[in-house]
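Chains as they are written, first to last, in our numbering: chain A, 1 to 134; chain B, 135 to 546; chain C, 547 to 764; chain D, 765 to 1288; chain E, 1289 to 1432; chain F, 1433 to 1767.
Think of the CB as a built atom: it goes at the ideal place given N, C-alpha and C, for glycine as much as any other residue.
Computed from a predicted structure; not experimentally measured.
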Amino acid sequence: MALLPMIPELLKQLFLEPATNKFPAKYLPSSITQFLREVNEGKVGMNPPVKLPLRFRGKIAYEREACTGCTLCAKVCPAHAIDILPETKRMRIWVTQCIFCSQCTDACPKNGLSMSEEFLLADEDRYSEQRIVE
Amino acid sequence: MSGEAPVKKSSYTIPIGPIHPALKEPVMFTFQMNGEVVESVDFAPGQTHRGIEWMGMRRNPVQIVHLTDRICGICGVTHSICFARAVEQIMEIQVPERADYIRTIIAEMERIQSHLLWAGVAAHELGFDSLFYLAWRVREEAMDVIELITGNRVNYGIIQVGGVRRDIVEEQYPRIQQCLTYYRELMDKLLHVFLHDRTITMRCRDHGILTYEDAMKLCVVGPTARASGVKKDVRIDYPYCAYGDLSIDIVTPNLLMGEVRGDVYDRIVVRVLEIGQSIDIIQQCLDNIPSGPIIWEEKIAKLLLACKKAKGEAIGRHEAPRGEALHYVRMEGEEAPYAWKVKASSYSNLISWPVILRGEQIADIPIIVASIDPCLSCTDRVAVVNKEQQAILSKEELHRLSVEKTRRLQHD
Amino acid sequence: MIGMTPLTPQEVVDRFRNTFGEGVEGTLIRERAEGMKKRPNYNLWITLRQELLKPAIQTLIDISFPHLAVISGVDIEDQIELVYTFSLYFGVKHGEYLVNLKIRVPKSDPRVPTISDLMPSAVFTEREKQEMLGIEVVGIPDPRRLFLPDDFPPGVYPWRKDEKGIPPSMIKNLWEAKRPKDRPAPPVPEKPEAPVCSVECHDPSEAPNETETEVKKE
Amino acid sequence: MITDFVIKNAPILVVAIPLIGAFLCPLVARISPMWRKTWVLGVVTVTSLIAILLASIVLTQGTVIYVFGASTSNLTVPIDSGGIPIRIIFTVDAMSAAMEVIMAMIGFSVILYSMSADQERSSLEQYYTLFLLLICSVMGMVTTGDLFNFFVFLEISSMASAGLVAYRVEKGRAIEAAIKYFIVSTIAAIFFLFAIAILYGQYNALNIAMLAQRLQFTLIDKIALILIVMALSTKCGAVPMHFWTPDAYSLAPSSVTAMLVVVSLASLYALFRFVFTMYGLTLSYVTIGWVLITLGVLSMVIGVTMAIPQKDVQRLIAYQGISQIGYMLLGMGVGLAVLGNPAQLSSFGIIAMEGGIFHIINHAIYEGLLFLTAGSIIYRIGTRDLDKMGGLGHSMKYTMIFFMIGVLAIAGVPPFNGFASKLLIYESVYLFNPVLAIIALVVSILTLASFVKVFHSIFMGPRLLEYAGVREAPLPMLIGMGILAVLIVVFGFFPQVVVNTIVAPAAQALVNQGGYLSVILGGR
Amino acid sequence: MKPTPSFNRSLWVYHLNSGSCNGCEIEIVAALAPRYDPERFGVKLVGSPRHADALLVTGPVPNKMKERVLRIMEQTPDPKVVICVGTCGESGGVYYDSYSLAGPIDDVIPVDIYVSGCPPRPEAILHGVVKAIEKLEQLQGGAT
Amino acid sequence: MIEQLGGFLYVVLGTIFVALFGIGFGLGVLGVDRKLTAHMQARIGPPLRQPFIDIRKLLLKENIIPENAISWLFNAAPVFALAASVTILLYLPIGGLPPVLGVYGDIILIMYLLTVPALAMVTGGFASGSPYATVGAQREMITMMAYELPLATVFIALAWRLARAGVQDPFSLASLTSTPIWSVAGPLGIIGALILLIVLIFVTPGELSRVPFDTPEAETELAGGLMVEYSGKNLAMFYLAQGVKSVAMASVIVALFLPWGLSEFVPGIPALGILLDFLWYIVKVLAVLFVSVSLIRVAMARFRISQVVTMYWIYLGGLGILGLTLLFLDSLGGV
Ligand code: SF4
Ligand code: SF4
Ligand code: SF4
Ligand code: SF4
Ligand code: SF4
Ligand code: SF4
Ligand code: SF4
Ligand code: SF4
């Protein structure tokens, strides 16, 4: 054991609870589609992800009403994620391009932008509706 | 037949890469082999070039700060600190003291997670998966705290020119403190399992040796240099951020082992000890952190304006987990910097590969390559590639080489 | 090598001035202090005549074997400025200085001697300068390219700001990839005009949107 | 009529037919090459058939004795000679019968093989003549019951083999090797002749049985024994007298090499015959046993270690062969060492000997096969250098399979014949001394490892440009190899049958000195 | 060939770095760590594309890597899924205007699932894998 | 005639049964191994039936034959590997049941049969034409060479000691099982046997190519080594062979060192006895594999190939000889 210091450690661990966070379920449900549907319907609970901290930077949220169209956000955005819509002088944020840096929300003088807690954004279509914020 | 000596090839070449599991990132190695033994090494980086410096010269400093985060995802805060410090010197502004402390705390958190990450990868290269899992399991604690402070696990985006973007508020102290206690208690175990494991010792002791002289001559940095006994650490030699206020010392392997050999094992020693050092630094920072503002100018618009006015050149440095990183920035009164040169830590360390690999066996290549903790995404950032590259040997040729190698193996 | 008598920054600069006299075109000692205790760190900038580069490095070595961090390069009109960044260390805590030796070479004859005989580690960064700035390092032991592939177009040097830089044809705008172009803008409730900016740091029309990039593209 | 004749005269026919065939060969060759081919093939076929017939006779009726010039076989001892057999006799017991069958089969395969392998060579009739002579001589060596006759056959075999080794006369070094071979053989023969002289001088007899009966085991007898052991172990290529084999084997044409294996096995057979039957219990069997064991272990280890760095295929196989000879010596040596201890003999000694004998048979087959496959590769690509080979698996599928079979057999991997005989050795030798068994086991694995590398160098890897046009070996060669391969597999799957019918009687024959004597000397 | 449900529960992934900043790399590796343990779902990291069912591709594909990415794609036996992890592989992200890139990944090889984030949290990567499985389930025509 | 047919049918059915059992149990064992390993590493790990799912998945994947491969050999290798592994099981007693072939296997035969799957893998690796696989194959050969020495020592030592104790036919598993070494050895001998057991336990991971002796398949060095080029059903077959071989190896250890059954505790109820023995056998196999595969695998780093050889030849070989010597001394005093 002196030469293999891991062994006691491992044997101990065998009887301890694993460190795994069981998101979204312990094992794969027999049908994901159904599982997700049932989760949506509230029938079964999904194990939550590891707790998000207060300032977590998730998908961007935009309040069109609050925005004044000053374009500062587009200027500071390091990823070219913010389009200016010249017709309405409002912004469109392509989540697929956004790097979740939160720079625009810092910059916005009107608090029109904020980072939500939503971060499970995997999708088949990178330009799907949920990935365009406007 | 007995009369004529068979023609022996004195050496043969094996190429590794660019995609090879031993490398987290693509790089192309060519080994001149003599039997199982490496004779000389050549490598061609440049597979992950994205032209970051060039892009930076088209963007404003606030954008660049986020770009620097993404020079490399492992030392996320390193390049931001370097860049911000360089720009601050050009603008000749003072960063609030609290911001200096927060920068220090986050940089040390990063060191903890990076060293643990490396330890895990090294264990994996050694085929020691339990240790890999252990390292990565305990690393999550650091990741949680980083996420707590910055809002993201990687690419923190906490640095801004003139300070930091997020404060560490009162409610967060207990959590950070808890993390420090966790690691402090873990240190003994880490030292024990990494340094006293027979298999690890067998694989790492006296392999991949970089002597003190070589380390000096080749100008390697960070743990790679310190493991060879070079007492060099920007944090201690060159006070910046809060490091000038702290009582810390340079970590070299003789602190624990009583001697310096400059081998792979010593590099493990230095890194594990540095985890402990980082805990200590964070504790000192938490205890002494002054109150006050966290950024020179909160209004981004004003900040941008000030940047635009700045003229001059400066160098920002930081001791990244892998060693000194350095940015040279030159501003000429425009939005975008006029010139920007990034010198990342791996850039300095790669050059030691040929030296430490010479004379080693094939099977030791992965761990020795990994022992300098290479990551190339920083080093590669500049090159431009626009045609299909042709450095890679054709598949047939590769096979041929392998066949030749087999022959060699047969005869030794 | 380490453990020499420490010199002050001023003494280092003086050493250069005394040794090279007129050859030193300019010196600057920048002191910067951070943290609460405001311990200073020093950056030394020494501009030299081109031909004094190697003697200057020898001077540094004589003081204490320095660490070569990197060679940076800037394209300034018809010259290329090279900044050799060293750190000079005496084995004293907080006692390291960053020494930047600057030389300029004309683009018409962009040649510098190699310093790899003095500092073996310089090869790497010298190779990079050759391919990035189009200078010629005379006597470099390994003249191959470092990052650029062998078939990179000759005469294109990415860091040049003149016509030898990256031509627009090499640039690809990734963000455009398959992004839908004809999506209608959602309606906005009528609201009073945006207030006029008080700082005037930027002109909204300058924002980095498509207009700007499109100009570059064609 | 003819059958009767054949049955009666089978022992002499197996020797005589190839002999006559050999002498007529040049004449027949005058007619046309086609005739020559048919002639040679016919001769070997007939020889093989008779050998099989003879074996079946021996198995059903017991040892066959053929006395020249006597009307019946039990007249071995002329009435007027005072009990001294002076007639020349051939003794075919189970062991010799078994050897004959195997040799004939291999001879047949090799001839078939060389029909196409060597057809482009010049002076083929000499080649075939020598070849048939060689077959004749090995047959003689295993059947003769008389020391001097044995010497004569030994000499014939030496000359024939030397001639064959030199056959590739276009290469100077082949001649050199031939001369070397010839000199070594001659020295061995001279030793042997000395031994004969010593024995004859003392006991006035040349007949093995006679000698066995009379042997006093004086100092001089011991010297004779040492001379015999030296002579024959040189001939069969055991360490430390192995140095000539690789040279000869690597330079001779492959078909010849395969036959050389047979010659060396015949010598090995003779060695055992003399040691067991002639000296038997009269000698200090434990010492000689240990001598054989030591030679065996040395051969095993040195053979395999020398084989690993070789680059010439045939040379490599030759070294591996030396290593295998070690197994036979080991098995026989253990048997000999416990000869005087009936309990041990019956509990493992006899098994060890069975293993040794079985291994001789198996070895002849797989080693022959390996040489033939190597030959067909050389035939196709024209080089013997392993470094220059590669990728042939793409084009020479069957050769590759045969080679694999040979390799697995030589390495003793089940279910091939080498395993069967080695198993007998392991599982008996350990009782004598466990370390010997461990060494034997490990050497097998080393053999395997070394051959896997060879296999890889020859057949694996991408198709090489220079061998793009290489095709499979011609059909006759494949058939020749196929026969041996089939034998390997059959022996491997039904080792029990072979052991019971051939090997066990053979071992008994060796152990049972008295039995042998009584058959020949008519129960005295 | 139509994948059956057993395909979904044993998704072996090969991780292909095509010029990423390492952020996504380490988050992928972190996703393998005990905290997240995708092996619960039968997800396993393999060392050869031949063994893979899913490719986790990260990074914006520099020109120099393009050919490799294609080759790896080709070496992966069918049926297979390509999961693009990280914003920069999806659309260039912060490297939106570089000249040395051939990407985004979608321009080089077809992508089935995009996982946004720079880098995505390990859970988001797991979610991406789950999404991929969901997509497969729908392809199999079974919502059961 | 009918009897022969019956015997033949028995063998055929038995073979099928054993093959199915071996494959099923083999996969089960792999599942347990993965689960336990995961738990030791503080993970939940896959569900126990994961290997079955993996196999089904692999079976429906495309089977790519690389350009440079010798295709028939490339395809034949996995079949051989699996067939050879199953064959080993035919010679082994499973639980209280006698081996299918009726004859108890010979331990040396089994030792060699164990090399056949490895050989098949090596051949497959060579045939795939990939340089990684080639290097892997060579390493596999070296590893094999290395572990055969201690393995041979253990087997020979045991058989020798039993033979010394007057056991007939000591190489047969039947004798080995009916007279375990513990029952004939004195105190010294028991120590010797324990040492041999340890040696055998360390040989197991080498035999099964698991960490720390998995150099042939070293993921970091060789990108999957021998198997790099395999995909789809061929890979599945290797995977199965691996499972079956694990069972076989564990069964050998069980037969040699832990042969006791439970049936003696329930005299008179043969069915229950057989069932109990069977379950007990499964428990023993799992226990052996836990120690010799799972635990060693998680607790050690991979050896360098040269270290593998030193480890096996010098250290374990030495231990083996020590065990042999102890048994020898024991036999001097005992018999
Ligand atoms: S979060 Fe960052 S990347 Fe995203 S839109 Fe805002 S500024 Fe742009
Ligand atoms: S910065 Fe805020 S107010 Fe200005 S355009 Fe963006 S969202 Fe609107
Ligand atoms: S760490 Fe392991 S999984 Fe990742 S690339 Fe390296 S070898 Fe492959
Ligand atoms: S050395 Fe470079 S690439 Fe590596 S982690 Fe640091 S910054 Fe990133
Ligand atoms: S940012 Fe400045 S100018 Fe713009 S609205 Fe706010 S105060 Fe006015
Ligand atoms: S960005 Fe600049 S110009 Fe625009 S509103 Fe702000 S301060 Fe004014
Ligand atoms: S998405 Fe972001 S974190 Fe991931 S590789 Fe790209 S830049 Fe790095
Ligand atoms: S393990 Fe072998 S193939 Fe892989 S890199 Fe090392 S030498 Fe090359």
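Please name the residue, chosen from the options, that lies closest to residue i on a Cα-to-Cα basis.
| i | options | result |
| --- | --- | --- |
| residue 1507 of chain F | F:1740, F:1554 and F:1683 | F:1554 |
| residue 676 of chain C | C:651, C:663, C:665 and C:664 | C:651 |
| residue 444 of chain B | B:409, B:172, B:223 and B:253 | B:223 |
Using only the alpha-carbon positions, how far apart do residue i and residue j sit?
| i | j | result |
| --- | --- | --- |
| residue 941 of chain D | residue 1264 of chain D | 40 Å |
| residue 1775 of chain F | residue 1687 of chain F | Only positions 1433 to 1767 of chain F appear in this structure, which leaves residue 1775 of chain F out of reach. |
| residue 117 of chain A | residue 106 of chain A | 16 Å |
| residue 28 of chain A | residue 702 of chain C | 54 Å |
| residue 1338 of chain E | residue 1355 of chain E | 17 Å |
| residue 1105 of chain D | residue 1577 of chain F | 36 Å |
| residue 111 of chain A | residue 371 of chain B | 43 Å |
| residue 512 of chain B | residue 1084 of chain D | With a pLDDT of 49 at residue 512 of chain B, under the threshold of 50, the predicted position of this residue should be treated as unreliable, and no value is reported. |
| residue 1566 of chain F | residue 1556 of chain F | 9 Å |
| residue 287 of chain B | residue 727 of chain C | 33 Å |
With a threshold of 7 Å (Cβ to nearest heavy atom), would residue i be considered close to ligand 2?
| i | result |
| --- | --- |
| residue 109 of chain A | yes |
| residue 98 of chain A | no |
Less than 8 Å between the CB atoms is what I'm expecting for residue i and residue j, so what's the real figure, rounded?
| i | j | result |
| --- | --- | --- |
| residue 637 of chain C | residue 679 of chain C | About 35 Å; that fails the 8 Å criterion. |
| residue 1463 of chain F | residue 1589 of chain F | Not a contact, Cβ separation roughly 34 Å. |
| residue 6 of chain A | residue 507 of chain B | Not really, about 22 Å apart at Cβ, beyond 8 Å. |
I want to check one thing, is the minimum distance from the CB of residue i to the heavy atoms of ligand 1 below 7 Å?
| i | result |
| --- | --- |
| residue 56 of chain A | no |
| residue 334 of chain B | no |
| residue 636 of chain C | no |
| residue 505 of chain B | no |
| residue 1259 of chain E | A question about residue 1259 of chain E goes unanswered here, because the residues of chain E that appear run from 1289 up to 1432. |
| residue 76 of chain A | yes |
Any heavy atom of ligand 7 closer than 7 Å to the Cβ of residue i?
| i | result |
| --- | --- |
| residue 289 of chain B | yes |
| residue 1308 of chain E | yes |
| residue 212 of chain B | no |
| residue 204 of chain B | yes |
| residue 1382 of chain E | yes |
| residue 488 of chain B | no |
Problem set entry | Contact set between the segment 1719-1742 of chain F and chain I, restricted to residues whose Cβ is under 9 Å from the partner | Judged by its chain identifiers, the structure shown contains no chain I, and its protein chains are A, B, C, D, E and F.
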